[in-house]
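What follows is a single structure, written as structure tokens, with notes after it.
Protein chains: 2
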Amino acid sequence: MSTADRLLEILDLFTLERPGWSVDEAAEACDVPSSTMYRYFSSLSRSGLIAPMGKGWYSLGPAIMRYDRQLRLTDPLIRAARREMNRLAKSVAGRGVVFLCRLLGDQIMCISQVSTGDTPFTIGYERGRLMPLFAGSASRVILANLSPAKIAALHRDHSAAFEERGLGVTLKDVRETLKTVRNDGHFVTVGEVDPGMRGISVPISLRGKILGSLSIAGPRQGFTNAQIGQAVAELKEASSRTEEELHHIIAEGAAWRG
Amino acid sequence: MSTADRLLEILDLFTLERPGWSVDEAAEACDVPSSTMYRYFSSLSRSGLIAPMGKGWYSLGPAIMRYDRQLRLTDPLIRAARREMNRLAKSVAGRGVVFLCRLLGDQIMCISQVSTGDTPFTIGYERGRLMPLFAGSASRVILANLSPAKIAALHRDHSAAFEERGLGVTLKDVRETLKTVRNDGHFVTVGEVDPGMRGISVPISLRGKILGSLSIAGPRQGFTNAQIGQAVAELKEASSRTEEELHHIIAEGAAWRG
DNA sequence: CTCACATTCTCATTAAATGAGAAACCACGC
DNA sequence: GCGTGGTTTCTCATTTAATGAGAATGTGAG
């Protein structure tokens, strides 16, 4: 195993379930001597990726927060969507939250979330939350707009998941199902990611390439059929304005390519 | 230079000013051949710390957001302060934002920010923002509560900064100034971090050890003297409740030490 | 299909990581 | 102040992995 992989393996020790580690425990977990783990920890501490939280205990460090802020401030998609997300949030205040997802390789991640007013329900759609590829409306509208080659590759590797989620058994079935979603331009689910929650999503693309999705989520009973229809219309409008804004941001260009 | 340092040097290429890099440009910047930089990029991509954003351009990746979410959800200080911060935010709605800072080694970082209602002014106090050590109320109340040894060490290394900020010339002067702040239990500034902005801060400690500070910031004219006095009182109350809550969280314990 | 470009692979050479133990450094209580 | 226990850094001979030029392969746009 390479040194690089070792470092990244150590970072991955720090999880939601186990956010704090001592040098000795980490050494045992990775099966290296303490002196070596001290070397690793000191490299990671120097860069701020981890930080001593007192008494020999370490957790993830300030660099994580700094880098995350940097992403928030520079991500063209987040910037392009901000205004429309705020508008949508007001429109569904108290009934739902608005969130933005991005396709990253084979993963779909929530990268931004806006809500206004009191949201008495638990908001599961936080920035940084990894979304399941095959469940939930936010993922579905992205999935439906992937290239045929990518859909085929995913179906080859995860055919069981496709079937389980009712997307179809054969690749042909799957293509049909996704074609419908693609043509509708939106997708609505109930309880696929969080129980009792409804998801309403539309895709966001740039020059024909799918980038992510814009969604509203809230308690199932917070939306009548008419309100779902209105939400879909508002989401579509917001998505198309976001795409337009994204063109402007990229045309300015300097921000992204340095 | 070690491999570890190389990797972390590469991560540091990604800045607010220059959030996107191609392999070749990064190779040139770090003075290594492209084939080597490809190896580094692929390690970092595999772990998700960076991600290809299309067409050979890379930016910071999903792991950053995942780790940041993890910190938000597990940091005992953030969790302990949440309720009080929400309460304070309502109390200063429209006039200010509430933010929480943490001491991390020699750095002070904003780790959480809450505001309610419309905040027409620019909010500079975002999570992930590094705060200057010697300016601003949020830092001052932390500085004032450091151990005498640390204050002495800081004064040795940054005596010019101490003098510039009016903290005193000799170590003796500095100690006197900080003692006053410590005894007051709060500090108020104007325009030290962001022009035209007022900062009002109180310290947060655990078992006599300074951990961070809780602050309200807003446009200077948003606070009459009486309102400043009230804000200080509310902040002190919030701080002491946060410290209490922190004791509970740490007593439960499981969450932090795994 | 083809071309240009992005990415991965190969392998002999070079340089860095390793780890046991010694030493230094702290913070803490007395 | 001054040991004391635990944490962290240092040292250096040995082992192991990183390096990088160039060839090979993959990929996407026209």
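Chains A and B supply the protein sequences, listed in that same order. Under the numbering used here, the residue at position 7 of the first sequence is numbered 7, and the numbers go up by one with no gaps. Under the numbering used here, the residue at position 150 of the second sequence is numbered 1150, and the numbers go up by one with no gaps. Positions of the beta carbon are idealized from the N, C-alpha and C atoms, including for glycine. Since the structure is predicted, the reported quantities are computational estimates derived from the model, not experimental observations.
In chain B, which residues lie with their C-beta within 8 Å of the C-beta of residue i?
i          : result
Glu-84(A)  : Ordered by position in chain B, no residue passes the 8 Å Cβ test against Glu-84(A), which lies about 18 Å from the chain.
Ser-259(A) : An answer regarding residue 259(A) cannot be provided, because it is not within the stretch 1 to 258 covered by chain A.
Thr-242(A) : Chain B residues near Thr-242(A): none, gap ~17 Å exceeds 8 Å.
Please list, in chain order, the chain A residues whose beta carbon lies closer than 9 Å to that of residue i.
i           : result
Ser-1047(B) : Ala-4, Asp-5, Leu-7, Leu-8, Glu-9, Leu-11 and Asp-12
Thr-1119(B) : Near Thr-1119(B) there are no residues of chain A at all, since even the closest Cβ is about 12 Å away, more than 9 Å.
On the three-state DSSP scale, how would you describe residue i?
i           : result
Ala-217(A)  : strand
Ser-1147(B) : coil
Ser-159(A)  : helix
Met-131(A)  : strand
Arg-46(A)   : helix
Gly-1212(B) : strand
Leu-1206(B) : strand
Leu-154(A)  : helix
Val-1232(B) : helix
Arg-1175(B) : helix
Arg-140(A)  : helix
Val-1181(B) : helix
Glu-245(A)  : helix
Leu-1167(B) : coil
Leu-1016(B) : coil
Met-1001(B) : coil
Glu-261(A)  : Since the displayed chain A opens at 1 and closes at 258, residue 261(A) lies outside it and no answer follows.
Thr-1036(B) : helix
Phe-1223(B) : coil
Phe-121(A)  : coil
Leu-8(A)    : helix
Ile-1250(B) : helix
At a CB-CB cut-off below 7 Å, which residues of chain A make contact with residue i?
i           : result
Met-1065(B) : Asp-68, Leu-71, Met-109, Ile-111, Arg-127 and Gly-128
Ala-1051(B) : Leu-104 and Gly-105
Pro-1033(B) : Residues of chain A passing the Cβ test: none, with the nearest at roughly 16 Å.
Pro-1132(B) : The premise fails here: Pro-1132(B) is roughly 14 Å from chain A at the closest Cβ pair, so nothing lies under 7 Å.
Thr-1074(B) : Leu-16 and Pro-19
Taking buried to mean at least 16 other C-beta atoms within 10 Å of its own C-beta, is residue i buried or exposed?
i           : result
Glu-28(A)   : exposed
Arg-1257(B) : Only weak support exists for where Arg-1257(B) lies, its pLDDT of 48 falling under 50; the coordinates are left without a value.
Gly-199(A)  : buried
Arg-156(A)  : exposed
Pro-1148(B) : exposed
Thr-74(A)   : buried
Arg-1083(B) : exposed
Arg-1095(B) : buried
Arg-1154(B) : As written in the sequence, residue 1154(B) is Leu, which differs from the Arg given in the question. That one is buried.
Asn-183(A)  : exposed
Ala-254(A)  : The predicted position of Ala-254(A) is uncertain, since its pLDDT is 46 and thus under 50; no value can be drawn from it.
Ala-1231(B) : buried
His-1248(B) : exposed
Ala-1063(B) : buried
Val-1259(B) : Only positions 1001 to 1258 of chain B appear in this structure, which leaves residue 1259(B) out of reach.
Ser-35(A)   : exposed
Val-190(A)  : exposed
Thr-180(A)  : exposed
Glu-1234(B) : buried
Val-1141(B) : buried
Leu-1060(B) : buried
Met-1(A)    : exposed
Asp-1068(B) : buried
List, in chain order, every chain B residue whose beta-carbon is nearer than 9 Å to that of residue i.
i         : result
Ala-29(A) : Per Cβ cutoff of 9 Å: no residues; Ala-29(A) is ~10 Å from chain B at best.
From the DSSP output, read off the bridge partner residues of residue i.
i           : result
Arg-1198(B) : Val-1190(B) and Gly-1218(B)
Ala-1051(B) : Ser-1059(B)
Ser-22(A)   : Trp-57(A)
Report the neighbours of residue i on chain A: residues whose CB is nearer than 8 Å to its CB, in chain order.
i           : result
Thr-1015(B) : Gln-70
Gly-958(B)  : The shown model of chain B, from 1001 to 1258, leaves out residue 958(B), and the question about it has no answer.
In chain order, each alpha helix (DSSP H) run of at least 4 residues that lies wholly inside the stretch 53 to 118 of chain A: 62 to 74 and 76 to 91
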